[in-house]
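Its first residue numbered 32, the sequence shown is counted upward by one per residue in our numbering.
Using N, Cα and C, we set each Cβ at its ideal position, and we do this for glycine too.
Since the structure comes first, as structure tokens, the remarks are kept for the end.
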Amino acid sequence: EIHVKEPIEKEVNPRLLPGELLLCEASTVYKYMQEDGSNRGTYGKLVCTNFKISFLDDDSASDDNEPQFKNKIVGENDITLQCVDQIYGVYDEKKKLLTGQLRKYPEKLIIYCKDLRVFNFCLRYTKEEEVKRIVSGIVHHSQTPKLLKRLFLFSYASAAPNNTDGRNQTVMFETLEDWRDELERTKGNVKYKAVTTNEGYRVSEKLPLYFVVPICISEESILKYEGRGIPIWCWSCHNGAALLKMSAFPKEQDDSTSQMQKAFLDGIYKTISKPPYELLKTDDLSSSLPSLQDIQTAYTRFKQLFLIDNSTDFWATDVKWFSLLESTNWLEIIRRVLKKAIEVAECLEIQHTNVLLIEESATDLCCVISSLVQVMMDSYSRTKSGFQSLIQKEWVIGGHGFLDRCNHLHKSEKEEAPVFLLLLNCVWQLVQQYPPAFEFTETYLTVLSDSLYVPIFSTFFFNSQHQRDTNKSGESLKTQSGPFRFLTVWDWSVQFDPKAQAFLNNPLYAEKPKPDKSQRKTARFKHQRQLSLPLTQAKPSTKRGFFREETDHLIKNILGKRIGKFINSSDEPPNSLREFYDSWHSKPVDYHGLLLPRIDGPEIKVWAQRYLRWIPEAQLHGGGTIATAAKILDLMEEVQSLQVKMDEEHSQAVSGDAHSVPMLRNSARLSSLFPFALLQRQSVKPALPTSTWKDLEDEDDLVKRDDEFVDLSGDML
């Protein structure tokens with residue numbers, strides 16, 4: 032039964048960006064609301080362009096009730112073609128994955144997005160010809176392999192005026208000077224040098240134009256194996272120890288080649304390792320961390336927990352939430368990566384040892400670990416411009432294959448792996464454990480993860496600096512000829528106005544180092560879905576160390592009971608890593624010094640804002656961290672206004688307030704997943720623990736009374 036709302040009379044046209052072309056459209060499409068199974072929704076027009084899929088209804092034409100946090104490029108009902116994950120058609124109540132040519136067209140279309148949104152469209156009232164055009168158009172343009180030059184990135188770059196914000200402070204690492212400045216900043220210029228050997232990409236197309244190597248490495252050594260087997264500098268610690276990375280030689284080689292390569296490596300190692308003054312530890316990440324295939328498999332399982340079609344699905348999964356979460360292995364992979372970063376930090380900080388990370392291409396897990404170590408050890412990387420410069424250095428210029436790993440061209444699913452998302456998940460763990468240490472917020476990280484799928488920025492749409500440079504030449508509509516002028520994602524003014532950008536900056540960032548005693552657990556809100564796996568008493572692990580390589584088995588009856596105190600596994604054998612970890616955590620936190628993440632079982636949490644933001648049932652209205660933040664921001668606003676009054680009294684000129692904080696009025700109406708969740712979205716079911724729901728399923732008088740709120744708060748988690 033459909034609650035029919037009259038189709039819109041007035042014509043609503045899509046807002047098109049420069050270079051964006053309308054490819055196909057369908058009128059009288061019914062978009063279901065996701066909140067419940069009542070089939071409520073709204074009529075509108077579904078369109079597909081060379082940039083996005085968009086649903087246009089009455090609300091699209093009006094600017095009323097605009098959210099506080101609005102993206103200027105991608106609207107609430109817009110899906111960029113790169114953001115489409117899977118498309119399903121519904122035929123006689125059966126779901127079928129849509130790919131390639133279609134013989135029969137569905138009566139309902141379900142689009143699952145990579146940012147975890149789910150769109151349900153009913154095509155029953157749409158003309159048959161329009162259904163054929165829109166469904167085949169959407170499937171073709173979002174799911175079939177395409178050429179690089181067919182990306183919207185090139186259409187936009189050739190048509191858009193180049194009005195970039197010149198105040199961007201991000202270091203792009205495209206010049207030799209940028210690398211020399213970074214060496215000077217980290218005091219690494221005594222032992223390391225920036226080289227121009229790869230100018231013209233004569234060494235390798237995979238390496239950047241400029242990079243840094245130990246001073247004693249010769250140009251002949253770099254040229255010998257196309258850059259393989261050469262330690263490339265990432266960062267220098269305050270004590271002189273350095274973090275390096277190296278692309279390994281192929282493992283399957285004939286004996287004579289292997290012997291030559293081994294002798295070459297021995298010579299290289301001797302130039303870096305000079306005991307007792309210079310020590311070197313090598314770490315082959317391909318053997319000490321999960322494979323890219325394991326990471327992809329874990330994330331594929333993990334994201335299924337959040338691609339929820341309706342309320343019924345949510346409550347069904349909520350009953351076995353812990354076991355489903357553990358079975359994905361995603362949180363365990365995050366924990367293992369953080370543990371590896373702690374190991375590297377301990378070598379650099381305590382043992383004063385150079386660390387050489389080794390990987391086949393040195394552009395995947397090497398990027399994750401080197402970035403994490405720098406975020407943990409270098410407070411500059413915890414500022415917004417510093418973090419952006421870090422991503423540029425290690426990922427964009429460092430040669431991470433964004434095009435292949437994100438599968439933007441749909442060429443091969445075998446190459447796909449959420450490596451950059453893994454880094455953002457790990458950084459989020461640090462941000463939520465030590466908020467004052469970071470100049471940016473979790474909203475910044477969420478928006479950055481969304482920007483992976485917005486093809487108007489070149490940042491995440493090439494595999495290497497060489498690929499970007501060779502594709503820059505092209506015809507421009509504005510200048511007739513000349514190179515494309517790509518936008519960088521770091522110019523946030525393209526996506527957000529100043530008011531929205533305020534949500535990316537942390538108003539509580541600790542400008543000066545000072546011990547903070549407020550890092551205690553805040554009171555848990557009732558009926559909140561637990562976002563971390565509980566740490567349970569387990570048999571002593573046979574594996575070494577206190578960071579177990581596998582998660583302990585969960586107590587199966589944990590649901591419906593209050594989680595007890597976390598158990599400290601003190602019976603495990605001590606080691607230097609454990610001592611380093613315990614010693615650091617026993618002292619007050621220096622927000623501008625070394626940061627070590629807490630990685631015990633329950634400390635590794637689900638990134639709620641990113642993964643639960645589209646699920647109304649998972650939101651706490653008037654609760655969560657945003658309620659606390661709103662109160663603090665109100666207080667800060669009051670302090671600022673008092674400061675202005677004091678300045679006026681002293682007749683001092685007051686400059687424009689560059690650190691203004693976003694206004695969060697009526698915090699009781701805000702969702703815990705603000706600023707992404709809409710204010711008016713309410714779950715239709717009362718907030719009961721899942722165990723209670725199961726107990727009540729047979730009691731019709733309670734289950735069917737949706738209009739009453741049943742208060743069983745005493746039994747809640």
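| query | result |
| --- | --- |
| Taking contact to mean 3 or more Cβ pairs, one atom from each stretch, closer than 8 angstroms, check whether the region 352 to 370 and the region 295 to 304 are in contact. | no |
| Who are residue 72's beta bridge partners in DSSP? | 63 |
| On the DSSP letters alone, give me the boundaries of the beta strand (DSSP E) that residue 415 sits inside. | Premise fails: residue 415 lies in the alpha helix (DSSP H), 415 to 422, not in any beta strand (DSSP E). |
| Between which two residues does the beta strand (DSSP E) harbouring residue 707 extend? | Note, residue 707: premise wrong, no beta strand (DSSP E); not H, not E. |
| Would you tell me roughly how many angstroms separate the C-alpha atoms of residue 74 and residue 108, rounded to the nearest one? | 13 angstroms |
| To the nearest angstrom, how far is the alpha carbon of residue 90 from that of residue 327? | 38 angstroms |
| Per the DSSP calculation, residue 263 is bridged to which residue(s)? | 276 |
| Helix or strand or just coil, what does DSSP make of residue 268? | coil |
| Mind reading off the beta-carbon distance from residue 636 to residue 563? Whole number of angstroms is fine, and I expect it under 8 angstroms. | 4 angstroms |
| Quick check on DSSP: helix, strand or coil for residue 689? | Residue confidence is low: residue 689 scores 46 on pLDDT, short of 50, so the model does not pin down where it sits. Its coordinate-derived value is still stated next. The answer is coil: DSSP assigns residue 689 none of H, G, I, E or B. |
| Which residues in the same chain have their Cβ closer than 8 angstroms to the Cβ of residue 210, if we skip the five residues on either side of it in sequence? | 204, 225, 241, 242 and 243 |
| Are residue 254 and residue 233 touching if we call contact CB-CB under 9 angstroms? | yes |
| Could you give the distance in angstroms between the alpha-carbon of residue 236 and the alpha-carbon of residue 502? | 13 angstroms |
| Please name the residue in 116, 111, 341 and 141 whose C-alpha comes closest to that of residue 61. | 141 |
| Which runs of the beta strand (DSSP E) fall wholly inside the region 187 to 242 and span at least 3 residues, in chain order? | 223 to 226 |
| Quick one, are the C-beta atoms of residue 457 and residue 426 less than 9 angstroms apart? | no |
| Decide if residue 413 is buried, meaning its Cβ has at least 16 other Cβ atoms within 10 Å, or exposed. | buried |
| Just to confirm my understanding: we take residue 364, look at its own chain, exclude 5 residues before and 5 after, and list those with CB closer than 8 angstroms. What are they? | 321, 325, 326, 329 and 453 |
| Measure the Cβ-Cβ separation of residue 345 and residue 533 and say whether it is below 9 angstroms. | no |
| Run through the region 124 to 152 for me and flag every whole beta strand (DSSP E) of 3 or more residues, listed as ranges in chain order. | 125 to 128 and 139 to 144 |
| With DSSP as the reference, please indicate the residues paired to residue 80 in a beta bridge. | 53 |
| Could you name the residues that DSSP lists as bridge partners for residue 119? | 128 and 141 |
| How many angstroms separate the CA atom of residue 360 from the CA atom of residue 668? | 43 angstroms |
| Using a 10 Å radius around the Cβ and a threshold of 16 neighbouring Cβ atoms, would you call residue 323 buried or exposed? | buried |
| Determine, using beta-carbon pairs with one atom in the region 310 to 317 and one in the region 375 to 394, whether at least three such pairs fall under 8 angstroms. | yes |
| Starting from the Cα of residue 45, find the closest Cα among 104, 366, 704 and 248 and give me that residue. | 104 |
| Out of 260, 269, 266 and 160, which has the shortest C-alpha to C-alpha gap to residue 282? | 260 |
| Take residue 467 and list the residues in its own chain whose beta-carbon comes closer than 7 angstroms to its own, dropping the five residues that flank it on each side. | 539, 540, 541, 547 and 622 |
| Just to confirm the assignment, what range does the alpha helix (DSSP H) spanning residue 299 have? | 286 to 303 |
| If you draw a straight line from the C-alpha of residue 149 to the C-alpha of residue 356, how long is it? | 20 angstroms |
| Could you work out which residue in 144, 478, 80 and 147 is closest to residue 165 when comparing CA atoms only? | 80 |
| Report the residue from 528, 704 and 516 whose alpha carbon sits nearest the alpha carbon of residue 189. | 516 |
| Only counting runs of 4 or more residues, tell me where the alpha helix (DSSP H) segments fall wholly within the region 620 to 664, in order along the chain. | 639 to 642 |
| Could you pull out every residue in the same chain whose Cβ sits closer than 7 angstroms to the Cβ of residue 101, ignoring the five residues on either side in sequence? | 531 |
| Please list the terminal residues of the continuous beta strand (DSSP E) segment that includes residue 518. | That residue, residue 518, is in no beta strand (DSSP E); it is neither H nor E in DSSP. |
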